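Residue numbers 0 to 314, in numbering that gives the first Met the number 0, belong to the letters of the sequence shown in order. Just so it is clear, CB atoms sit at the ideal spot from N, CA and C, and this is done for glycine as well. It should be emphasised that the depicted structure is a prediction, and the values quoted were computed from it without experimental measurement. Comments concern the structure below.
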Amino acid sequence: MATTTFTKKALNVETIEPAVTPPPPTGNTSFVKKPKLAGKSRKRDIPEGLWTKCPKCSTMVFDKELDENHKVCPHCQHHFSIGSRERIHSLVETCTFEEMDSSMTSVDVLGFKGVASYVSKLENYQKSTGLKDAVVTGIGKIGEHRVALGVMDFSFLGGSMGSVVGEKLARLIEAGTEKGLPVIIISTSGGARMYEGMFSLMQMAKTCGALAYHARARLPYISVLTHPTTAGVMASYATVGDLIIAEPGAMIGFAGPRVIKDTTQAELPPGFQTAEFLLDHGLIDAIVSRKEMKARLIDYLDYLTAGQRQAAAVG
Ligand SMILES: [Zn+2]
């Protein structure tokens with residue numbers, strides 16, 4: 000039986016090597032990534048917003064625990080930043096806080112030109128924080144004391160002091176003077192708001208002027224410095240309190256440490272610009288942890304208003 004075999008040669012086709020190895024690169028040398036197998040990830044899914052890593056001791060803290068502890072790390076007592084609303088809630092008796100000037104908003108007086116306009120920045124921060132500006136002011140009760148209370152919020156443009164912050168605080172202090180109430184301002188700020196230029200700087204004089212009238216009426220002013228309180232705020236109303244207290248570890252200063260180091264060409268001492276350092280050097284009167292803040296404020300108010308209450312009793 001005759002068999003017919005076909006060879007490549009017989010077919011008149013040129014013999015080529017089988018493509019065992021890929022053809023040599025032709026300019027494009029990138030490696031093709033293996034496609035990932037979907038649904039086989041071994042990474043444990045940790046829902047976001049349940050745990051927070053403490054920046055000081057690196058412990059993972061359960062968010063609920065952190066909230067219940069006034070945003071203070073239960074392991075190392077690191078004080079996390081806290082919003083103005085939460086702060087007011089932790090200090091003022093329930094349903095006693097009457098907010099003032101809650102709808103006051105900044106205007107772009109300078110027509111500030113930057114990467115983003117000042118107006119759009121304001122709108123974004125108003126949306127993300129639910130605040131109109133970087134301070135909440137009002138009159139409320141702490142213990143048995145009615146006080147004029149201003150609380151700054153770092154989450155709104157770094158707690159920067161523009162016309163609205165200055166105006167709201169000045170009105171708060173004037174209301175305190177008029178009603179014969181102590182003033183408490185809880186500060187946290189990166190300083191004056193650059194988008195309002197000179198108008199921001201003028202708030203330093205305005206707030207201090209209002210405080211001078213308040214002091215003339217022999218009414219107490221307690222300034223509470225929280226992390227961080229710097230620049231124009233530190234150089235005005237934050238450091239002219241009858242009592243100046245701070246939270247542990249708060250950074251308090253005018254210019255940043257690097258600027259000071261470069262200007263003075265001197266080594267800065269350890270712990271420079273912390274609340275603890277400033278207590279040792281006499282700038283502040285006490286360091287009070289957030290958990291004790293309300294009780295201590297009541298003690299101070301009891302002491303500072305004793306004469307006022309005595310005079311009222313005598314008539
Ligand atoms: Zn910690």
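Asked                                                                                                                                                                                        : Found
Per DSSP, what kind of secondary structure is residue 216 in: helix, strand or coil?                                                                                                         : coil
Can you grab the Cα-Cα spacing for the pair residue 41 / residue 63, in whole Å?                                                                                                             : With a pLDDT of only 49 at residue 41, under the threshold of 50, the placement of this residue in the model should not be trusted, and no figure is reported.
Taking Cβ positions, are residue 148 and residue 96 nearer each other than 9 Å?                                                                                                              : yes
Closer than 6 Å from C-beta to any heavy atom of ligand 1: which residues, in chain order?                                                                                                   : 53, 55, 56, 58, 72, 74, 75, 77
Between 163, 180, 217, 130, which has its C-alpha nearest residue 143's C-alpha?                                                                                                             : 180
Can you tell me where the beta strand (DSSP E) with residue 187 in it begins and where it stops?                                                                                             : 182-188
Terminal residues of the continuous beta strand (DSSP E) containing residue 60?                                                                                                              : 59-61
How big is the Cα-Cα spacing for residue 236 and residue 210?                                                                                                                                : 8 Å
Please work out which residues of its chain come closer than 6 Å, Cβ to Cβ, to residue 118, disregarding the five sequence neighbours upstream and downstream, and give them in chain order. : 107
Would you say residue 229 and residue 252 are within 9 Å of each other, going by their C-beta atoms?                                                                                         : yes
Please classify residue 67 as buried or exposed, where buried requires at least 16 neighbouring CB atoms within 10 angstroms.                                                                : exposed
In its own chain, which residues sit with a C-beta less than 6 Å from the C-beta of residue 173, not counting the 5 before and 5 after it?                                                   : 209
Can you check DSSP and say which residues form a bridge with residue 145?                                                                                                                    : 140
Can you list, in chain order, the residues of its chain whose CB lies under 6 Å from that of residue 295, leaving out five sequence neighbours each side?                                    : 287
By alpha-carbon positions, which one of 89, 54, 61, 232 ends up nearest to residue 290?                                                                                                      : 89
Kindly identify the DSSP beta-bridge partner or partners of residue 250.                                                                                                                     : 273
Can you tell me the Cβ-Cβ gap for residue 186 and residue 232, rounded? I've got them flagged as a contact below 8 Å.                                                                        : 6 Å
Put residue 52 into one of helix, strand or coil per three-state DSSP.                                                                                                                       : strand
Let's test the definition: count the other Cβ atoms within 10 Å of the Cβ of residue 192 and tell me whether it reaches 16, buried, or not, exposed.                                         : buried
Assuming residue 156 is part of the alpha helix (DSSP H), what are its boundary residues?                                                                                                    : That residue, residue 156, is in no alpha helix (DSSP H); it is neither H nor E in DSSP.
Out of 100, 306, 279, state which residue places its alpha-carbon closest to the alpha-carbon of residue 133.                                                                                : 100
Exposed or buried, what is residue 300 when buried is set at 16 or more other beta-carbons lying within 10 Å of its beta-carbon?                                                             : buried
By Cβ distance below 7 Å, which residues in the same chain neighbour residue 212 in space, the five residues on each side in sequence not counted?                                           : 176
Under a three-way DSSP split, which group does residue 297 fall into?                                                                                                                        : helix
Please tell me whether residue 151 and residue 83 are closer than 9 Å, where the distance is taken between their beta carbons.                                                               : yes
Taking the alpha-carbon of residue 183 as reference, which of 137, 190, 202 has the nearest alpha-carbon?                                                                                    : 137
Return helix, strand or coil for residue 89, following the three-state DSSP convention.                                                                                                      : helix
Provide the residue span of the alpha helix (DSSP H) that contains residue 99, from first to last.                                                                                           : Residue 99 -> not in any alpha helix (DSSP H); beta strand (DSSP E) instead, spanning 97-99.
Tell me whether residue 311 sits in a helix, a strand or coil according to DSSP, three-state version.                                                                                        : helix
In whole angstroms, what separates the C-alpha of residue 39 from that of residue 52?                                                                                                        : Reliability of the predicted coordinates at residue 39 is poor, the pLDDT of 48 falling under 50, and the value obtained from them is presented with this limitation in mind. Their backbone Cα atoms lie some 28 Å apart in a straight line.
Which residues share a DSSP beta bridge with residue 242?                                                                                                                                    : 221
Over the uninterrupted alpha helix (DSSP H) stretch that includes residue 178, give me the two end residues.                                                                                 : 162-178
Should residue 168 and residue 219 be called a contact, given that it needs their Cβ atoms to be closer than 9 Å?                                                                            : no
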